[in-house]
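A quick write-up on the structure given underneath.
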Amino acid sequence: MVKTFEIMAKDLTSSGVARQNILNNTYALQEIQKAVGMEGVLFENEYRFTKKQLAQFFEVSERTINNCLANNEAELAKNGYGVLSGKRLINFKLAVENQFDPEMDFMIKTVRLGVFNFRAFLNLSMLLTDSEKAKEMRSTILDIVIDTINKRTGGGTKYINQRDEDFVINLLSGEDYRKEFTDALRDYVAMGNFKYIVYTNKIYSSIFKENADEYRKILKLDSSENVRHTMYSEVLDLISSYETGFADILRAESLRLNRKLTSIEVDTAFHKFEQQKLWEPFREKARQKMASRDLCFRDALHQNLEEYISSVPKEDFDRFLGEKSKDLEQRLEEYKEALKRLKERD
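For the sequence shown, our numbering puts the final residue at 352, and the numbers step up evenly by one.
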C-alpha cells in the first residue's frame, strides 16, 4: 500500500467520489471519530451538530456553512444532514437541555433546525475551502483512512481482492475454463504459441480496455506475479465466460470447415463474439467495480476506465476490510477442509 493516496489526496474539496469513498468506510470513520473527539448532542443514538456549533469549530461564519450547504445539499443530506421540526425538534431541544448548559439557547424560537450527524460533519470538513481547520481535518482524515486500510490488510492492498470470500472458488473454477480456452486455441487455430498471448489480451482489452502488460504496469506487478491473482471475483467470472464461450465458437467453426482456423478468421469471429449485446451489462459492471475499487483501495488509476469510476459502496468495505474478509492463506485452508469433508461424504 502506498503511503499516500496520491489521486484522492489531490483535492478532496473537488472530488465527490473521493469524499464518498471515505464516508462509506465505516472502519475508518470509527477511528476518525476517536481522533477528532468532538461530541455534539446525543440524539437518536447519534451525535448531532448545529450549524452554529460547526461554524465555531471551523472558525467560519454561519453564512459560510449555509453557502456550503446550499451548493452541496444533496450530498450532505445523503450523508446525514437533516432538518428537524415538530416532535423531533422538541425532543432534540430536550436532549440539549439535559446534556448542556441552559445558556445554549441558540434555537429556542426556531421551528425548523438543520443538524449534522458525525458523517455529515466530516463531509462538511471536506467541502469547506475557506477554513484552515477544515484543511487540517482533511489531512488527518486521509492519514487515518490510509492507516486503517493498511492495518486491516496487513500493510498491502495489491492482493486485497483475495480477501473476498468468493475469490478462491472463482479463481479455481476459472482454471478449468482457462484450460478449455487454451485447448481450443491449440486444437482449432493455425498459429504458433503467440496465439495464447494474443487472444488472452483480446479478452482483457474487450472487458477492461487494457492488455496484460498495461494492467501489470498500473498495478505495479513484476514479471513473476500472475495478473489474475490480483483480479476481483466479478472480473474473473466474466473472463471465464468469455473464454468458455469463445472456445465453443472456435470448436464449432473449425469442425464446420473441417480444418484449423486462420488468424483472420479467428479475429473476425472474436469481433462478432464480443459485439453481442448480452456482454454489455456484465462489462459495464466489471469495469465499474474494477476502476472504482482499484482507485479507492490500491490508489491505482485505470485511465481507460475513468468514466466508470464511482464511489465504493459500504458493502465493499465490509467485503474487503470487514470480519468476513480474510487472507488468501486462510481461505485456501478453509477451501481444502471443505473439499476434504465433501470427499469423506462421498
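C-beta atoms are modelled at their ideal positions from N, C-alpha and C, and glycine is treated no differently. Quick caveat: nothing in here was measured; it's all calculated off a predicted structure.
- prompt: Cα-Cα, which of Leu95, Tyr314, Tyr210 is closest to Ser246?
  reply: Residue numbering aside, residue 246 sits at position 240 when the sequence shown is read from its first letter. It is Tyr210 whose Cα lies nearest to the Cα of Ser246.
message: What does the Cβ neighbour count give for Thr163, buried or exposed, with the cut at 16 atoms within 10 Å?
response: In the sequence shown, counting from the first residue as 1, residue 163 sits at position 157. It is buried - the Cβ of Thr163 has at least 16 other Cβ atoms within 10 Å.
task: Could you tell me which residues DSSP pairs with Gly88 in its beta bridges?
output: Here residue 88 is taken as the residue at index 82 of the sequence shown, counted from 1. According to DSSP, which records beta bridges pairwise, Gly88 is partnered with Val121.
- prompt: At what residues does the alpha helix (DSSP H) containing Glu240 begin and finish?
  reply: Taking the sequence shown and counting its residues from 1, the one referred to as residue 240 is at position 234. That run of the alpha helix (DSSP H) goes 239-263.
query: Once you ignore the five residues that flank Ala126 on each side, which residues in its own chain have a CB closer than 6 angstroms to its CB?
result: Along the sequence shown, read from residue 1 onward, the residue named residue 126 stands at position 120. If the five residues before and after Ala126 are omitted, its C-beta is found closer than 6 angstroms to the C-beta atoms of Leu82, Asn85, Gly86, Tyr87, all from its own chain and listed in chain order.
Contiguous beta strand (DSSP E) assignments of at least 3 residues, all confined to the region 165-253: none
query: Roughly how many angstroms separate the alpha carbons of Arg299 and Thr70, rounded to a whole number?
result: Numbered from 1 along the sequence shown, position 293 holds the residue referred to as residue 299. Numbered from 1 along the sequence shown, position 64 holds the residue referred to as residue 70. One C-alpha to the other measures close to 34 angstroms.
field: Cut-off 7 angstroms between Cβ atoms - residues of its own chain near Leu267, not counting five sequence neighbours on either side
entry: Walking along the sequence shown from the start, residue 267 turns up at place 261. These residues qualify, in order along the chain: Tyr194, Val195, Ala196, Leu256, Glu259, Ser260.
- prompt: Contact between the region 165-176 and the region 37-45: three or more CB pairs below 8 angstroms?
  reply: no
task: Kindly indicate the opening and closing residues of the beta strand (DSSP E) around Leu133.
output: Along the sequence shown, one-based indexing puts residue 133 at 127. Note, Leu133: premise wrong, no beta strand (DSSP E); not H, not E.
task: Could you say which of Asn207, Ile203, Leu311, Arg158 lies nearest to Ser331 if we only look at CA atoms?
output: Working through the sequence shown from its first residue, we reach residue 331 at position 325. The residue with the shortest Cα to Cα distance from Ser331 is Arg158.
task: Would you kindly check if the distance between the Cβ of Phe64 and the Cβ of Met44 is under 8 angstroms?
output: Within the sequence shown, the letter at position 38 stands for residue 44. Within the sequence shown, the letter at position 58 stands for residue 64. Not in contact: Met44 and Phe64 (Cβ atoms no closer than 8 angstroms).
- prompt: What residue from Glu249, Val174, Lys226 has the CA that sits closest to Asn207's CA?
  reply: Within the sequence shown, residue 207 is the residue found at index 201, counting from 1. Check the Cα spacing between Asn207 and each of Glu249, Val174, Lys226: the tightest is with Glu249.
message: What would DSSP say about Val272, mapped onto helix, strand or coil?
response: Position 266 of the sequence shown holds residue 272. Helix, per DSSP.
- request: Could you please give me the residues that DSSP links to Arg54 through a beta bridge?
  value: On the sequence shown, residue 54 is found 48 positions in, with the first residue counted as 1. In DSSP, Arg54 forms a bridge with Val47, Asn123.
- request: Grab the span of the alpha helix (DSSP H) containing Leu29 for me, first residue to last.
  value: One-based indexing of the sequence shown puts residue 29 at position 23. Segment 22-29, the alpha helix (DSSP H) holding Leu29.
message: Report the CB separation of Phe124 from Tyr53 in whole angstroms; it is logged as a contact under 8 angstroms.
response: Numbered from 1 along the sequence shown, position 118 holds the residue referred to as residue 124. Numbered from 1 along the sequence shown, position 47 holds the residue referred to as residue 53. The Cβ separation is near 6 angstroms, so the contact holds.
- request: Please report the residue range of the alpha helix (DSSP H) in which Phe106 lies.
  value: In the sequence shown, the residue the question calls residue 106 occupies position 100. That residue, Phe106, is in no alpha helix (DSSP H); it is neither H nor E in DSSP.
message: Using only the alpha-carbon positions, how far apart do Glu329 and Glu271 sit?
response: Residue mapping note: residue 329 aligns to position 323 of the sequence shown, counting from 1. Residue mapping note: residue 271 aligns to position 265 of the sequence shown, counting from 1. The alpha-carbon atoms of Glu329 and Glu271 are separated by roughly 49 angstroms.
For Gln36, the first and last residue of its enclosing alpha helix (DSSP H): Indexing the sequence shown from 1 puts residue 36 at position 30. Its alpha helix (DSSP H) spans residues 32-42.
field: Exposed unless 16 or more other CB atoms sit within 10 angstroms - verdict on Asp243
entry: Counted from its first residue, the sequence shown places residue 243 at position 237. When all chains shown are included, Asp243 counts as buried.
message: For a test of the three-state rule: what should DSSP assign to Leu327, helix, strand or coil?
response: Translated into positions along the sequence shown, residue 327 becomes position 321. Three-state DSSP puts Leu327 in a helix.
message: Considering only the alpha carbon of each residue, which of Leu130, Phe106, Asn104, Leu90 lies closest to Asn73?
response: Within the sequence shown, the letter at position 67 stands for residue 73. If we check each option's Cα against that of Asn73, Leu130 comes out closest.
As assigned by DSSP and simplified to three states, the class of Leu267: As a first step, residue 267 must be located in the sequence shown, where it is residue number 261. The answer is strand: DSSP assigns Leu267 an E or B state.
The alpha helix (DSSP H) enclosing Asp149, as first and last residue numbers: The residue you call residue 149 lines up with position 143 of the sequence shown. Counting along the chain, the alpha helix (DSSP H) containing Asp149 begins and ends at 138-159.
- prompt: For Ala76, which of helix, strand or coil comes out of DSSP?
  reply: Here residue 76 refers to the residue found at position 70 of the sequence shown. Ala76: helix per DSSP, three-state reduction.
query: Which term fits Leu327, buried or exposed, when burial requires 16 or more other beta carbons within 10 angstroms of its beta carbon?
result: Translated into the one-based positions of the sequence shown, residue 327 becomes position 321. By the 10 Å Cβ count, Leu327 comes out buried.
- prompt: Any idea if Arg265 is buried or exposed, counting beta-carbon neighbours within 10 angstroms, 16 or more meaning buried?
  reply: Start at 1 with the first residue of the sequence shown, and residue 265 comes out as number 259. So Arg265 ends up on the exposed side.
query: With 16 as the cutoff for other CB atoms within 10 Å, does Thr154 come out buried or exposed?
result: In the sequence shown, residue 154 corresponds to position 148, counting from 1. Counting the other CB atoms within 10 Å of its CB gives Thr154 a total of 16 or more, which places it among the buried residues.
field: Cβ-based burial, Ala140 [other Cβ within 10 Å; buried from 16]
entry: Start at 1 with the first residue of the sequence shown, and residue 140 comes out as number 134. Ala140 is buried by the Cβ-count criterion.
query: Among Ile152, Gly198, Arg234, Leu227, which has the Cα closest to the Cα of Gly180?
result: The sequence position of residue 180 within the sequence shown is 174, counting from 1. Nearest in C-alpha terms to Gly180, of all of Ile152, Gly198, Arg234, Leu227, is Arg234.
message: I need the DSSP call for Glu65, collapsed to helix, strand or coil.
response: Start at 1 with the first residue of the sequence shown, and residue 65 comes out as number 59. Correct three-state label for Glu65: coil.
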